[in-house]
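Below is one structure, written out as C-alpha cells; comments come after it.
Next up, the structure:
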C-alpha cells in the first residue's frame, strides 16, 4: 500500500509530474519540455507571490525525484545512496 501523501506534496506534485511527463515524452526533442516549463513558470509568475510559486514548483520536482528514487531503489534492491552515486558517476563524472 502506498503511503498517504502529505498535503503540501499533494499540492505541488501535479505541476512537477506535468513537467516530467513533457521531458519524458520528447527525449530527442526538448521543445515540449521547454514549452511546458515556460507555461508553468508564467502561470506561477502571475500568482500573488511569484517566488513562493516557483519554490513550490521546485519542491514538487524534488518530491517527485525522491519518490522515483525510492521506487528505483525498491525495484532494483539497491540502496538510495548507491543509486545516487551511480547517477553522479554517469551524468556528472562520465562513465
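Residue numbers (full-length UniProt numbering): 1 to 95.
The beta-carbon is built from N, C-alpha and C at its ideal position, and this holds for glycine as well.
Task: CB of residue 63 within 7 Å of CB of residue 9, strictly - done: yes
Task: Top-ranked residue by Cα proximity to residue 55, from 68, 34, 66 and 41 - done: Closest option to residue 55, judged by alpha-carbon separation, among 68, 34, 66 and 41: 41.
Open item on the list: With a threshold of 7 Å on Cβ separation, who are the neighbours of residue 48 within its own chain once the five nearest residues in sequence on each side are excluded?
Closed with: none
Open item on the list: What does the alpha-carbon distance come out to for the pair residue 78 and residue 13?
Closed with: 25 Å
Task: Residue environment, residue 1, which counts as buried when at least 16 other CB atoms sit within 10 Å - done: Legend: pLDDT at residue 1 = 44, less than 50; position of this residue unreliable, value from coordinates given subsequently. Exposed, by the Cβ-count rule.
Open item on the list: For residue 23, which residues in the same chain have their Cβ closer than 6 Å to its Cβ, ignoring the five residues on either side in sequence?
Closed with: 33
TODO: Could you tell me which of 65, 21 and 83 sits nearest to residue 36, measuring between CA atoms?
DONE: The alpha carbon of residue 36 has as its nearest neighbour, out of 65, 21 and 83, the alpha carbon of 21.
TODO: Tell me whether residue 59 sits in a helix, a strand or coil according to DSSP, three-state version.
DONE: helix
TODO: Identify the continuous alpha helix (DSSP H) that holds residue 28 and give its terminal residues.
DONE: Counting along the chain, residue 28 falls outside any alpha helix (DSSP H), and DSSP gives it neither H nor E.
Task: Contacting residues, own chain, Cβ-Cβ under 6 Å from residue 80 (five flanking each side not counted) - done: 69 and 73.
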